[in-house]
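Here the structure is laid out as structure tokens; the discussion comes afterwards.
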Amino acid sequence: MTNSTKTLLITVVAALGMLGLAFASKPLYDTFCRVTGFGGTTQIAEAAPEDILDRHLNIRFDANVIDAPVLFRPLQTSMDIKVGEHGLAFYEVSNTSKNDVSLMASYNVTPHKAGLYFNKLECFCFTERIVKAGETKKLPVVFFISPDLDRERNMDDVRTITLSYTFYQTDSFEGAANSAALN
């Protein structure tokens, strides 16, 4: 094998490796954030804790949209809950276009260090949502703040947590509609 062939082979392998890492980086980063709470990523829980503490927190709600023909807002601006207590909040999304849209919500909490303790039992953000033209949907979020938060001294200064969602339009619905039209 000549030097130029070796160099070409190494370059091709390196390029393919970088391409593979580029595709793997998003799911790996999402997994890392969910496990560690990094960047304000919240946790998903199967059941709420039995301990409800006397510590109160103010939960604020925020809604944003990126490049989607919808109006999106929280139906309450804030609520006070005890650590360990269930919270139930609602958001509302309205499709302002003449076409159905497929939406996905990304989410985080601030301060970011609270993400590890913010647990969701039910959330519209777990799955893609199809909102028909002109339709308005009420979307629930069931959550609690883990009592583990009270054991962490670096969380003593936290009195308010903001839960923020951003809706963005996905391609999958358009792709499904287009392929159905072709068949």
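Under our numbering, think of the first position of the sequence shown as -14, with each following residue one higher. Yeah, the Cβ is synthetic: ideal placement off N, Cα and C, and Gly gets one too.
Validate contact between the segment 112 to 119 and the segment 94 to 104 using beta carbons, cut 8 Å, 3 pairs: Of all C-beta pairs linking the segment 112 to 119 to the segment 94 to 104, fewer than three are shorter than 8 Å, placing the two stretches out of contact.
Helix, strand or coil at R40 according to DSSP, with G and I counted as helix: Along the sequence shown, read from residue 1 onward, the residue named residue 40 stands at position 55. The DSSP-derived three-state label of R40 is coil.
Own chain, CB closer than 7 Å to R144, minus 5 neighbours either side, in chain order: To locate residue 144, count along the sequence shown from 1; it is residue 159. Scanning its chain for C-beta atoms nearer than 7 Å, with the 5 sequence neighbours on each side dropped, one finds around R144 the residues L42 and N43, in chain order.
Heavy atom of the ligand MG within 6 Å of N104 beta-carbon: The ligand MG is not part of the structure shown, which contains no ligands of any sort.
6 Å Cβ shell around T(-13) - same chain, five flanking residues per side excluded: On the sequence shown, residue -13 is found 2 positions in, with the first residue counted as 1. Apart from the 5 residues on each side of it in sequence, T(-13) has no Cβ closer than 6 Å to any other Cβ in its chain.
Backbone secondary structure at R114 - three-state DSSP: The sequence position of residue 114 within the sequence shown is 129, counting from 1. Shown here, R114 sits in a strand according to DSSP, grouped into three states.
Which of helix, strand or coil DSSP assigns to K98: What you label residue 98 is simply residue 113 of the sequence shown in a count that begins at 1. Note: K98 maps to helix in three-state DSSP.
Best match in T(-10), Q154 and K(-9) for proximity to S79 [C-alpha to C-alpha]: Here the question's residue 79 lines up with position 94 in the sequence shown. That would be Q154, whose Cα lies nearest to the Cα of S79.
Assigned secondary structure, V(-3) (DSSP; H/G/I helix, E/B strand, else coil): As a working mapping, residue -3 is identified with position 12 in the sequence shown. Note: V(-3) maps to helix in three-state DSSP.
Buried versus exposed, by CB contacts within 10 Å (16 or more), V(-3): As a working mapping, residue -3 is identified with position 12 in the sequence shown. By the neighbour-count rule (16 or more Cβ atoms within 10 Å), V(-3) is not buried but exposed.
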